[in-house]
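Contents: one structure, followed by commentary.
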Ligand code: GLA
Ligand code: ZN
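In this note's numbering, the protein residues as written are 536 to 1207.
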């Protein structure tokens, strides 16, 4: 079934409630214009009460109720928590922690991904569910497991790790080479010498996880991400075998470090994700997650699978979403590429850790709540909006590179600073562009660079085989490229590329980095850029020009006068190097300058706190304008067109007061 509007609903757990309550749920859902429920997320224990017994009685009723009430179903496979009997009978399903302790039954997302028992029974369950409900034409998608996450260090994982390594490296000599095991006499003679890197072997905890052998830890992270992905694929394959027409997804979590989502997305029909910003999140921070999620499948529309309608239970401070913010953040998701607006959860549970997490139906049990009124108003509005924006894509001329291997490797690095933080570095660049309403794609190193005018790869510590060649081609052909300190150091195995940093990027950037100074937290060096003084923090590279020109130099310390910002003409393009972490004012100015140079335009020019994006499809072009400010803000309408949310027509250049937290979706008249 192809949806005709933005799907509206969320996680629904009727199995936690007596059946009398269900009827009331249906009444409330209708009131709120809910059209979609995600069911069966955590029901394995009741679906398979013992090894050879399956019981679908309750799920049958739930599925029938959903269909009878005209609800679409996103049907989950329930494999995110194994049942207690399984843990008792087959302890191999239990994970082993980083410190080597075997866990007991409890929590969730708790199964060892390499447990033969878990794989066997999760796949069996998914297959039975697919067989049983395949004829329900209201199923819109399969939802495999839930928020996959976490590492396991058990013996099954250790054995599987050896197999994984053997496939990858073939010989023990090659393993010794790529892990540089001559260091500290770690030479391995046999695959059985390989053990998992954890607190019992190479890793230790000191503020965060450290490791003696980055290469081993890095490979283990890759292996765990792939092991969990394998569990997803096994379920997906049995679902596809029964219902090839239905799309399969699993809900992701934005910038979630343990899983290489770029690899994962290749196995998913569409990306879906759960958005839970904290009270102090700023708009670009949320937007960056949406853009990452959109980029995972090269711009294909995604699903906002979960958000809280009001409040979470698990943030340090569970502040309420202010009036209008739920609507605003729902449209922000749509503005960045979502085709759904979904909540966790439909009815607030009575016990356990999520009982104080907002729901469409709160503990008071009726419709007379602020949260329910806001949900209903948005539901009505989405009904009116219909399906015009579905599948629409956002077009960007700027790409920011984000790479999971690089994330792991850069932050495993022993030195030069504990302040190295990949996500934070990328955020500096993203934020300045996003706040200027310049569309940005977040792409991976395997994505195409063609079509972009500006490619930014902050903190590209690991420049993988072939990626430098891609950048070289891009710049030669006229593109602008920006990278930063601590880039180009290592190849895919975290082995240093010899011959001077930034190694593979050296010719493109026209520089040689001889040394790097770590700046203590709270201290800084400085430099002047276009008449303003900016800070240089975290790391300061001491570099020499090899063809590049210096746009600015350090002011302080023994390396005062050495270049801190460089520009190199390379082929028909230009490559910039930012040798340090600076301040927001610098990125704002520097990046907007580069955009201007390349003729890259903002969706609209607007006061702070006004976010604008553009999506387009065969129905037209849609400009989303969102006011994140706490007060009404005056904006200049950027295009002729109609606001799809209230039917008002506008002419470009008209001034308008956009209310606090309000949203417009302008359908552009003609071509913009
Ligand atoms: C996640 C999970 C849900 C629920 C919510 C609470 O997104 O997928 O099951 O726990 O968090 O915010
Ligand atoms: Zn394991």
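Every residue, glycine too, gets a C-beta built ideally from N, C-alpha and C.
Opposing strand residues paired with residue i [DSSP bridges]
i, result
"residue 1185", "1176"
"residue 578", "Answer by DSSP bridge pairing: none, since residue 578 is not bridged."
"residue 1159", "1148 and 1200"
"residue 1077", "1050"
"residue 879", "546"
"residue 928", "1151"
"residue 977", "935"
"residue 743", "741"
"residue 1098", "1088"
"residue 1064", "1067"
"residue 607", "571"
"residue 1105", "1108"
"residue 838", "807"
"residue 631", "637"
"residue 1116", "1072"
"residue 1031", "1025"
Own chain residues within Cβ distance below 7 Å of residue i, not counting five before or after
i, result
"residue 827", "789, 790, 937 and 977"
"residue 674", "608, 610, 668 and 781"
"residue 1219", "Because the chain here runs from 536 to 1207, residue 1219 falls outside it and cannot be looked at."
"residue 582", "589, 590, 591, 594, 613 and 660"
"residue 982", "833"
"residue 1061", "1068, 1069, 1070, 1071, 1090 and 1091"
"residue 951", "1051, 1053 and 1074"
Closer than 8 Å: residue i CB and nearest the ligand GLA heavy atom
i, result
"residue 790", "no"
"residue 1064", "no"
"residue 579", "no"
"residue 837", "no"
"residue 892", "yes"
"residue 671", "no"
"residue 889", "yes"
"residue 985", "no"
"residue 943", "no"
"residue 576", "yes"
"residue 1109", "no"
"residue 677", "no"
"residue 852", "no"
"residue 612", "no"
"residue 627", "no"
Integer-rounded CB distance, given that residue j should sit under 8 Å from residue i
i, j, result
"residue 755", "residue 718", "At roughly 17 Å, the Cβ-Cβ gap does not stay under 8 Å, so residue 755 and residue 718 are not in contact."
"residue 866", "residue 831", "Contact doesn't hold; Cβ gap of about 21 Å is too wide."
"residue 847", "residue 811", "6 Å"
"residue 1105", "residue 1057", "About 37 Å separates the two Cβ atoms, so there is no contact after all."
"residue 1135", "residue 1147", "Not really, about 15 Å apart at Cβ, beyond 8 Å."
"residue 930", "residue 974", "7 Å"
"residue 979", "residue 1150", "Contact doesn't hold; Cβ gap of about 21 Å is too wide."
Heavy atom of the ligand ZN within 8 Å of residue i beta-carbon
i, result
"residue 882", "no"
"residue 733", "no"
"residue 645", "no"
"residue 648", "yes"
"residue 919", "no"
"residue 636", "no"
"residue 924", "no"
"residue 766", "no"
"residue 631", "yes"
"residue 755", "no"
"residue 688", "yes"
"residue 692", "yes"
Contacts around residue i, its chain only, beta-carbon distance under 8 Å, and the 5 residues preceding and following it disregarded
i, result
"residue 921", "539 and 540"
"residue 638", "629, 630, 631, 632 and 645"
"residue 1273", "Residue 1273 is absent from the model: the chain starts at 536 and stops at 1207."
"residue 729", "693, 696, 697, 700, 710 and 723"
Close-in-space but distant-in-sequence residues of the same chain around residue i (CB under 6 Å, 5 per side omitted)
i, result
"residue 970", "819"
"residue 1208", "Past the edges of the chain, shown from 536 to 1207, lies residue 1208, and the structure says nothing about it."
"residue 892", "847 and 848"
"residue 856", "845"
Contact with chain D by residue i, beta-carbon distance below 9 Å
i, result
"residue 976", "No chain D appears in the structure shown, which is made up of a single protein chain."
Okay, do the segment 848 to 863 and the segment 819 to 836 touch, 3+ Cβ pairs below 8 Å being the bar?
no
Evaluate contact between the segment 1121 to 1136 and the segment 1018 to 1030, counting only Cβ atoms and requiring at least three cross-stretch pairs below 8 Å.
no
Inspect the CB distances between the segment 1180 to 1197 and the segment 925 to 940 and report whether three or more fall short of 8 Å.
no
Is the segment 997 to 1016 touching the segment 1094 to 1113 in the sense that three or more CB pairs, one from each, lie closer than 8 Å?
yes
Touching or not, the segment 648 to 657 and the segment 764 to 778, by the rule of three or more beta carbon pairs under 8 Å?
The segment 648 to 657, when compared against the segment 764 to 778, does touch it at the 8 Å Cβ threshold.
Counting beta carbon pairs with one atom in the segment 905 to 920 and one in the segment 697 to 704, are three or more of them shorter than 8 Å?
no
Evaluate contact between the segment 901 to 908 and the segment 937 to 949, counting only Cβ atoms and requiring at least three cross-stretch pairs below 8 Å.
These segments do not touch.
Three CB pairs or more closer than 8 Å across the segment 545 to 552 and the segment 563 to 575:
By the Cβ rule, the segment 545 to 552 counts as touching the segment 563 to 575, because three or more pairs are nearer than 8 Å.
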